[in-house]
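See structure below.
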Amino acid sequence: MLLEDIVKKILQARVYEAARETPISPMPSLSRRFGNRILIKREDLQPVFSFKIRGAYNKMAQLDEAQKEKGVIAASAGNHAQGLAMAARQMGVKAVIVMPRVTPEIKVAAVRGWGAKVVLKGDAFGEALAHAKTLIAEHGYTYIPPYDDNDVIAGQGTVAMEILRQHTGPLDAVFVPVGGGGLLAGIAAYIKYLRPEVKVYGVEAEDSACLKAALDAG
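Residue 28 is where the sequence shown starts when you use my numbering, and the numbers rise one by one after that.
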């Protein structure tokens with residue numbers, strides 16, 4: 028898919044039926060520490076406390092009535108599970124979330140709290156995913172991926188749309204947390220298309236040294 032097509036999908040993404048536009052907040056302590064003006068996008072203020080609701084809802088918004096009637100499914104032990112559960116509840120669609128048995132009970136309870144059916148299977152994500160595929164074959168559920176899907180990426184990319192609208196001044200770099208890469212793909216596509224001079228960095232949880240090195244380098 029061409030970059031322009033991804034940007035178009037971001038502009039047309041149906042996220043605000045469930046997600047909210049989150050503010051950008053200054054980080055004074057970090058700004059002083061690194062000698063830069065550092066801002067943070069407050070996706071923790073979403074109803075499910077993460078950006079995942081954007082991609083899950085936008086993907087579900089593209090489903091036809093037959094797919095909605097059969098229900099949706101995902102394999103997840105984290106934020107995608109809650110995002111999909113909330114999106115499904117809002118649309119009145121049955122949702123099944125397959126989670127590894129080792130998933131903390133607080134996460135399981137959160138997903139159930141949004142009305143989704145939780146199936147605990149296996150001791151790792153791969154086993155949960157394999158079981159989800161079995162259930163798809165048996166019941167005809169539609170799988171909602173956590174990141175590797177253009178509609179999911181477009182939903183996550185609305186974060187970048189808000190960033191450029193909320194911060195119209197100079198912008199040197201945007202640092203994006205990386206798990207599966209859906210958020211990074213959406214943000215990078217939108218920002219590089221409209222503001223190619225802005226650097227976009229993907230930072231894994233264990234890669235805080237990359238963030239510090241980039242900030243130290245200005």
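C-beta atoms are modelled at their ideal positions from N, C-alpha and C, and glycine is treated no differently. Bear in mind that the values here come from a model prediction, so they are computed numbers and not experimental data.
- Counting the other Cβ atoms within 10 Å of the Cβ of D71 gives fewer than 16, which makes it exposed.
- Residue range 66-68 is occupied by the beta strand (DSSP E) that includes L66.
- Taking 8 Å as the cut-off, the Cβ atoms of K134 and G105 count as close.
- Between R116 and the set K226, L221, I180, V75, the nearest pair of CA atoms involves V75.
- Checking the DSSP bridge columns, you'll see F202 partnered with Y228.
- Non-local C-beta neighbours of R41 in its own chain, meaning closer than 6 Å and more than five positions away in sequence, comprise N85, A88, ordered along the chain.
- Counting only residues of its own chain and dropping the five nearest sequence neighbours on each side, V227 has a CB closer than 6 Å to the CB of V201, A215, I218.
- With a threshold of 16 other beta carbon atoms within 10 Å, R81 meets it and is buried.
- For S58, the three-state secondary structure derived from DSSP is helix.
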